[in-house]
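Numbering (my numbering), first residue to last: 17 to 166.
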DNA sequence: GCCAACGTTGGC
DNA sequence: GCCAACGTTGGC
């Protein structure tokens, strides 16, 4: 992290869910949802680095394979109640709104500006960081207007 | 501590 | 349904 003016600004993320297990519709219905069940150390590290107010893309893996909405981190990492053992954590995410137009994985893979997106480079990781540039780019693709709203 | 076997995730 | 990527487990 640099000491540039935006070093303290909000961070951006992408979280994946299989719609069979937990879909965007359920997220919208619940409004605030504990993001539990992460059992991967890299993903856990990312969860632990999340700050209240950070934004995350909500991505449907397996079926859909597209970004369908935006959520905000409503509560920072705490012990995952669904974990029987181990140091696992979860965060609470709050619905911000749906992508006006879902951004598909195929579209992102075809986009040179997104060639080093962690979603693409590490396809099995369920919680990945998104750079501010990538965030803005993907928001443009999806017609998202609320980039800087809070 | 190495590495083969195996399990899981997730794209195609 | 298949397979690549990658994490975990267990024998040595």
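Quick reminder that beta carbons are idealized off the backbone N, C-alpha and C, glycines included. Keep in mind it's a predicted model, so treat the numbers as computed, not measured.
Pick from the options that is closest to residue i, judged by C-alpha positions
| i | options | result |
| --- | --- | --- |
| residue 2 | 97, 53, 69 | Since the displayed the chain opens at 17 and closes at 166, residue 2 lies outside it and no answer follows. |
| residue 105 | 30, 157, 50 | 50 |
| residue 44 | 109, 145, 126, 140 | 109 |
| residue 101 | 53, 157, 156, 39 | 53 |
| residue 146 | 158, 48, 132, 156 | 132 |
| residue 57 | 143, 135, 159, 122 | 143 |
| residue 139 | 124, 128, 38, 71 | 124 |
For residue i, the three-state DSSP class (helix, strand or coil)
| i | result |
| --- | --- |
| residue 63 | helix |
| residue 121 | helix |
| residue 107 | strand |
| residue 19 | For residue 19, the predicted structure reports a pLDDT of 49, less than 50, and the residue's modelled location is therefore unreliable. The matter cannot be settled from this model. |
| residue 30 | strand |
| residue 90 | strand |
| residue 42 | helix |
| residue 128 | helix |
| residue 100 | coil |
| residue 162 | coil |
Where residue i falls, given that 16 or more other Cβ within 10 Å makes a residue buried
| i | result |
| --- | --- |
| residue 150 | buried |
| residue 96 | buried |
| residue 60 | buried |
| residue 94 | exposed |
| residue 62 | buried |
| residue 79 | exposed |
| residue 103 | exposed |
| residue 118 | buried |
| residue 148 | exposed |
| residue 166 | Note on residue 166: pLDDT 48, under 50, position unreliable in the model; the coordinate value appears next. Answer is exposed; the Cβ neighbour count stays below 16. |
Cβ-Cβ separation, residue j to residue i (assumed contact under 8 angstroms), whole Å
| i | j | result |
| --- | --- | --- |
| residue 89 | residue 66 | 5 angstroms |
Opening and closing residue of the beta strand (DSSP E) in which residue i lies
| i | result |
| --- | --- |
| residue 72 | 71-76 |
| residue 149 | Unbroken run through residue 149 is the alpha helix (DSSP H), 148-158; no beta strand (DSSP E). |
| residue 50 | 48-51 |
Residue i: first and last residue of the uninterrupted alpha helix (DSSP H) it sits in
| i | result |
| --- | --- |
| residue 140 | Taken as a continuous stretch (DSSP letters only), residue 140 belongs to no alpha helix (DSSP H), as it is neither H nor E. |
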